[in-house]
Each structure stands twice: as C-alpha cells, then as structure tokens.
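Chain order of the listed sequences is R and Y.
Residues in the first sequence are numbered from 1 upward in steps of one, following my numbering.
Residues in the second sequence are numbered from 1 upward in steps of one, following my numbering.
Ideal placement from N, C-alpha and C gives every residue a C-beta, glycine not left out.
Each remark here refers to the structure printed beneath this line.
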Amino acid sequence: MSTELDSTGSQEKSGGQEQVDWETLRTLSVGPGGFGEERVTIWPKLLGVNTTSFASASEPDSEVHQDERQIKLDTERSFVLYPVETAENANLKNREALQGDLHELLVSIFRKRRKLSYFQGYHDIVTVLFLTLPKELQFVCAEKLSLHRLRDSMGSSLEPVLGQLRILQRLLHLADPKYASILDNNSPLPYFALSNLLTLFSHDVPTLPVIQHIFDYLLTRPPIASVYLAAAVLLSRKEEVFWLEQEGEDGMLHSLLSSLPDMYEEWDDQSEPQPGPKQQEADEESVPDETRSATAIDLDEAATETSEQEGTAEEDNVPSVEQIPTVETAVSDEEEFIVADRGECMDIDPEETLHEQSSEAETEFSREETLVASSPPPEDPKDTATAVMKEEEPHGKMEPVEETEVDGSASREDLDTAEDLSDKAAQLDTETQLCEEVLVSPPAEHSHLAESAPPSPVSSASTHRVRKARVSLTFLLAQADALYSLYPPTHPSLGVKTTLGPYSVVSTWSDVPAQLPDDDEAEAMVLRPELVVLPEPPPSPESDEEKEEKSRRKRRRLRKPLRSVRFAGVVVERRHMVAGAVLVLGVAMAVYGVRAVPDEAGRHQWRRVGRWVGGVLVGASGRVLDGLRF
Amino acid sequence: MSKQFQFKLVLLGESAVGKSSLVLRFVKDQFDDYRESTIGAAFLTQTVTLEDQTTVKFEIWDTAGQERYKSLAPMYYRNANCAVVVYDITQSASLDKAKTWIRELQRQADPNIVIALCGNKTDLSARRQVTQEEAQKYAEEEGLMWGETSAKSGEGVSEIFTAIAKKLPLTAPPPKTAARGAPGAAGGRGVDLNRQPAPGQNEPCNC
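This is the structure:
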C-alpha cells in the first residue's frame, strides 16, 4: 500500500503509522482532481488514522444517544443528489440501503463518543467519507475527523461556528473592505456561509468529485482553512452581489451566497463525466428544468456529450469566462497601480505594504466591476443587453438564453429562490415599462452603491447574466491559499486568538498526530464551550481606519479616468484578481515565511504555513501565467 | 394600477415537519419526496394576487428546525410581518414544539405579527396524532390563524398563504423596518412587480 503512495507524498515509516508529507500533499490537493483515487489511502493518514491497527466501531453499545432521533430524520432524507446509479456502478445499493448504512455509521459514532452532539449537516460530511472510503475505514476516519476537526460544532450550541463567522467577516474586510461592507449591510455576520463552515461545504456541493476534492484540500490544512475557502468563494461572487445589491433584494443575497457557485475541475476530460451522471440524477429526481441553473445545464450538456463521445468534446466546453483572453491593458494598468502604491507605502511596515498592495489590486478589481455594471446607458436597456450579448458571442461560450444565466446563481438548495431572480430578469427584459418603474425607485438603503453606480438594474442585470460563470475549483482553492498567505491566522486583525479559545480545534490542531489531544481528551473538550469560543470582543477601533481606507479608495477611484467599458474587461476579472494576488504573493511569501511563528500555548499550528503556501503558489501562478498567455 | 405590498414571512417549526416542502409547494408548486434538511436558513419569495388585484409579495425565510439552530431564529422573525408555525399532524410532539415557537413569537416578535399555525402532512392522515379540534382550539385561544396542509398533494397550501395575505394590514403600507441588522431586515420597498407568476409563465427558457 505504501509503495504506491510514495508518489503522492506519503512516506513509509516503521511502526504502523506512516508519516505524512504535508507539503507535498497540500500542493497536490490544489491541482485538478485533487488526490483522485489515491484519496482512499491518503485521507486516513491525514486524519491520523493508524491504518494497520485501528480501533473498530464501538462495542455493541445499546444505550441510545440523545440525538438519534434527529439523525434518523436526516438520514431518511440523505443521498438526495448522489451517488447515482449508472452503468458502471449498477450494483450500487439503492437509496434506502445507503441511508440505512449511513444511519448505522452515524449512530455508532455517537454511541461511542457520547459527549459529542449531532448537528444537522454532520450527516452530509460523513456521507462524503462514507462514499469515499471502504467500510472498515469509515468509522475510524469519521471518529478522528469529528474529534479533531469538527469538534467545535459538536458541542451543544452554534456559538463556535459563529466565532468562525466572525473571523470570516474580518477576513473579508481585510481582503476587500468595500465588498465586505456590502455584505455587512445585509447580514450582521456572513450567515450565508454558515453551512459551508459547519459542513465543510458538503451540504452545498452537488457532486461527489467536487466535494471530495474540497476535502482533499481541507484535510491537508489546519481546520481554519475552511474559513479561507469560504472567503475565497464569497469573493468570487462579487459581481453577482453587486448586481443584486442594486436590485435591492436583501434576502436574495442570502440566497445567492448560501448556494455555491458552480465549480468545475480544470482537468479536462476526466472531471466532467463524474459530475455528469449526478446531474442526470438531478433530472431524474424531477428537479424541473426551469429550476436548474444555467451552469447545471452546461453540465448536462457536457454529461450528454461525454456519454455519447466518451468525453472527447469536453475540452471545448470547459473553458469558461475566466479562460477568455485577458485584456492586456487591464493587467498592465494594475501593475502600474501596484508600483505607484509601493512608492506611497515605502516607509511603512512591509506587512502593511503588502496589505495595501493587495487591497489595491482588489480595488482595481472592484472599480472595474462597478464601472461595467453601471456604464451601459439606462435609456435603452434592451439594446444594451443585446449589444452585450453580441460582444460576447465570439467567445463562443455563453448561453444565449439569458434568463437561465441568472438562474445559474443558485444551486440545489435554493433553486426555487433563483426562480424569482430569473423571473425578474425576464420581466426586466420584456417589460421595459416595469424596468422604468424599478429605475425610479432605487433601494434607498443602499446609498453607497447608488453613489458609485446609477440605479440601473436593467443594464446591470444584463451584464450580470452574461457574466455569470462557472468557477474553477482549483482557482478557488488557490485563492483560499493566497488569502491564507496574505492574512494568516496570526494576523492581528483576524482576531483568531481572541475569538476561538484553547479548546477549539483551531488551537488544538497539529500536523503531528502525537501533538493532537488524545481522543478522549478531545471528546471532553466539547463540554467546556467557554474554552472553545470566547465571548465576542467589543467593537474594535478598527472601524475608523476602515472608514479612512474607504474614503481613500474613493478618492483614488475618482482620480482614475473612466476607462471605456468593454465586455471583455469584465470576463477577465477573476483572472485579473488572481494575477494581482499572485504578484503580491511573491512578496508575501517571503514575509510570512519569516513571520509565521508559533504563538502562545505551545501550539505550533501555523509554523508551516509559509512553506506550504509557497508550494501551492508555484502551481497557482503557473496556471495564471498560462492563462495570460492565451 | 393596483396596490403592491411586500411582507416578510418566517417559517418556524420542528425539524422534518415539512417547512421547506411547504414553501417549495407554495413558491414553485412542486414536491420532492426527498428534501434535504435546511442548514441555517433559506430565502424565497412568492407573490400572491388577491381578488381586488392587490399583490402581496412574501419574502420568505425558511429556517432550520433543529434545536441548535434556534438561536438564529430571532434574526429571522425579528422584523417579520407574519409567521407560519408548522407542525406535523402525525407527530404530536411537533405541536408542542409549535406552541413553544408561538410563545416565543408572542413574547419577542413584533406585537402586530400575524401568526398562522399550520398542520402539515394531511396526506398521512391515517397516522394522524393531532386532531383538527385540538389544534384549532389552541389556535382560537391564542388568536392565531390555523389551517391544515399537505405539501405533498398541495392541499390547503395556497389557501393558508392567501389567508395570511388577506389578514395582513393592506390598508397601510408595510412597516419600513430598519435596513440593517438582520438578513432580510429590510421591510417593504414598493418595487414589487405587479403580477402573479402563474406556473409556466415564470419559467426561464431552458431550451
């Protein structure tokens, strides 16, 4: 077993337990497809499971755990989207049988680890292990995962995950203050990310290969990595949020953001066939056409094609908006921007400089978006929409059916929600009169947007629809790593240490199994919630700085001449942002490599941050540069 | 042109009583035999047109039922104009839970909130544990609206929402609540689209 693992970074070591080469695995986990088939042997190692002599499930302990009723309620409605019976896995058990097995697994965990509490969504996490690992490893892996990574959420309350949401909120403010403020206006905490954090994305990702890849990523990183990934996901939705914000639908924003973007794998002809069947399943599940996202439709088409042509046509389908040729001026412009800033910040602490640069990159990014969203003249919305579509056509990828693109913002849980969105968009397109009604009554609460963009839901709607794109999973993962490296958990403004206590998994996690708390000790930690999450600190004086920062950005924005807007400028933005992030990271790595030192309580969880992000970054920047060469 | 109103509605109730299914039936006229559990909350909207062509747009917050998510509920009912508290007619314990929610709403929510008690799963009436009389009596005592529904068959679903729409104070504009502080905290905004989406009409072209 270990010999085949050598290639994937695992080193054999005598004495049962194999040493894990975290850095190699971290790099691998970001690449297209993640660990692929190898994850069956890698995950147990990452979880610290001794694969040669592991404890079996609990002794037949008959005493019922208090949460078993809820477990039953949830397992009875599990396996909704996957797995799917296809030709290859025709011997797959039927749903009821799978549910029975999952229920048994869940119950055995809670009967053995009685101090843990079940939370709705935990069953989604365990489902991923259940569908990935052989039966004999399921229990022990789920147990380790629960005790050392999920434990914070397995106490009696939601408080610890709310602590994570607070950290996420601060991270968003560091990464993009303007955007973060918009989100704050909608929700006191980024609650739309709640299920992402609670369930490690497993509740929200509609296909097994994608969630497996996300687990590859998360399991090779400290538990707080989920916060960074959630931030990367939220940052990738900025265009959609700006659009919705103009629409003035607060709840819709929750809907949009509580569903994930459509994430695809970049590894051309292997990735799609896997999601494909699942999407078909979605069809069989009688999810009616109009509720499915445009991106899902893409997937369906892909699935059909691949089943017909054995995946050969896939490459043509995969390139999405982000892979459309970059506008050179935008990039060079940004470089110029950064250089200018570097000058301004010369005397400042290098960390501050980096921060500044990165937020500049973001500023540039958001400025463009704002421009694009606002620039089409509101007078003739229909024409604008058509014009935008026409410009897009040469790129060959976008759905001509605009409404469904809007629909694409939602995924399975909130499909119904998006219906309203698309509804509205259709309405806007076809009934100009109504559009004008909307125009005259822009949402008053959102003045900060109103000032940067005329209330033109029509034009922005069309822009939005065209822009709606699938997001590369490797892109998101690289973004999460970039965020981690720019704003590591030791960053004072994140307040990790003032939010999560010594009993939080974030504090107790270690790459070295021997330094993890012992299993029983870990289990007992849930009984001390006050040591898992600390009381919310009083509002920090940071807000003044933020205000100042905001006005500074505004001034800069005003100084910049308005660039003529071309649609192509929009489609490259995500790439543009990575390019910026990577440029900054080149420097950031050097800084954080030195600065990421252990802090307090002898826990050394961040020691290796610099090193592993470095590895990942090489890959990420390579991809970006490839893209730029297009 | 006719009047348009926008109201915030929150769904509360024990886990697995059918809150999400009820909303799905109301909003999309659909039913899934397997509906995943809700984590946190979901948001949906639906517009109802009354006989006088007044339209009422519901902004619906569908909450998670598990006890541990309870602490999030105030955020969703705080500025709600109406609440649908759902129980499962085949689970008498779920009515107890509904009563707990109602007490909490009466204590903590807007005093003018319109509360409807809704007994779901009438398609399973063979396994009924909560009689109509019992629930109706309780509702009358507490001054609540009451109805029974089947999200599966659709029975009673649009009726209960329409009844709520009629009961809401349509003579005055819906309260302008604080714009900040909670998801969906923004109150009515009067930008509603003046129509009722009929099945088939609101489907984006998917061809």
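- Query: In chain order, what residues of the same chain lie with their CB nearer than 6 Å to the CB of R:I182, ignoring the 5 residues before and after it?
  - Reply: E245
- Task: Check whether the Cβ atoms of Y:V85 and Y:W101 lie closer than 7 Å to each other.
- Result: yes
- Query: Y:A98 to Y:M145, Cα distance in whole Å?
  - Reply: 13 Å
- Message: With the cut-off set at 7 Å, would you say R:Y484 and Y:G40 are in Cβ contact?
- Response: no
- Message: Cutting at 6 Å between CB atoms, please list the residues of its own chain near R:D511, excluding the five before and the five after it.
- Response: W22
- Return the bridge partner residues of Y:K8 from the DSSP annotation. Y:E59
- Message: Our contact map puts R:A225 next to R:Y487 with C-beta atoms below 8 Å; I'd like the distance itself, whole angstroms only.
- Response: Incorrect: roughly 13 Å between the Cβ atoms, too far for contact.
- List the residues of chain R that Y:Q66 touches, going by C-beta distances under 8 Å, in chain order. Q70, F119 and Q120
- Query: Of all the CB atoms in chain R, is at least one closer than 7 Å to the CB of Y:Y87?
  - Reply: no
- R:E96: buried (16+ other C-beta within 10 angstroms of its C-beta) or exposed? exposed
- Message: With three or more C-beta pairs closer than 8 Å as the rule, is the segment 36 to 50 of chain Y touching the segment 161 to 174 of chain R?
- Response: no
- Message: Distance check for R:T41 and R:Y118, CA to CA, integer angstroms please.
- Response: 27 Å
- Query: Using a Cβ-Cβ distance under 7 Å, would Y:L12 count as near chain R?
  - Reply: no
- Out of Y:F43, Y:K167 and Y:R128, which has the shortest C-alpha to C-alpha gap to Y:N120? Y:R128
- Report the rounded CA-to-CA distance for Y:V114 versus R:S29, giving the unit in angstroms. 51 Å
- Message: My output table needs one value for Y:Q46: the three-state DSSP class, helix, strand or coil.
- Response: strand
- Query: How would you list, in chain order, the residues of chain R whose beta-carbon sits under 9 Å from the beta-carbon of Y:R35?
  - Reply: R77 and V80
- Enumerate in chain order the residues of its own chain whose CB-to-CB distance from Y:Q53 is below 6 Å, with the five nearest sequence positions on each side excluded. S2
- Hey, does Y:S71 have any beta-carbon neighbour from chain R nearer than 7 Å? yes
- When DSSP builds the beta bridges, which residues end up paired with R:L500? R:V533
- Query: Is DSSP giving Y:G13 helix, strand or coil here?
  - Reply: strand
- Task: Give the straight-line distance between the Cα atoms of R:G495 and R:L172, rounded to the nearest whole angstrom.
- Result: 13 Å
- Query: Under 7 Å between the Cβ atoms of R:P44 and R:L137?
  - Reply: yes
- Item | Proximity of Y:C118 and Y:T162 at Cβ, strictly below 7 Å | no
- Message: Once DSSP output is grouped into helix, strand and coil, what is the label at Y:W146?
- Response: strand
- Query: For the segment 138 to 158 of chain R, which residues have a CB atom closer than 8 Å to at least one CB atom of chain Y, in sequence order?
  - Reply: S156, S157 and L158
- Is R:G251 helix, strand or coil when you go by DSSP? helix
- Query: For a contact meaning CB atoms closer than 8 Å, what does Y:I113 contact in chain R?
  - Reply: The premise fails here: Y:I113 is roughly 18 Å from chain R at the closest Cβ pair, so nothing lies under 8 Å.
- In the DSSP assignment, find the unbroken beta strand (DSSP E) run with R:Y228 in it and report its ends. No beta strand (DSSP E) holds R:Y228; the alpha helix (DSSP H) holding it covers A225 to L235.
- Rounded to whole angstroms, how far is the Cβ of R:V126 from the Cβ of R:L102, which I believe are closer than 8 Å? 7 Å
- Check whether the Cβ of Y:A165 lies closer than 7 Å to any Cβ atom in chain R. no
- Message: Taking the alpha-carbon of R:S259 as reference, which of Y:T38, Y:R78 and Y:S15 has the nearest alpha-carbon?
- Response: Y:T38
- Those runs of the alpha helix (DSSP H) which lie wholly inside the segment 93 to 179 of chain R and span at least 4 residues: 95 to 112, 122 to 132, 135 to 145 and 159 to 175
- Task: Please name the residue in R:H254, R:A524, R:R170 and R:E38 whose C-alpha comes closest to that of R:P134.
- Result: R:E38
- Message: With a threshold of 7 Å between beta-carbons, can R:G251 be considered close to chain Y, or not?
- Response: yes
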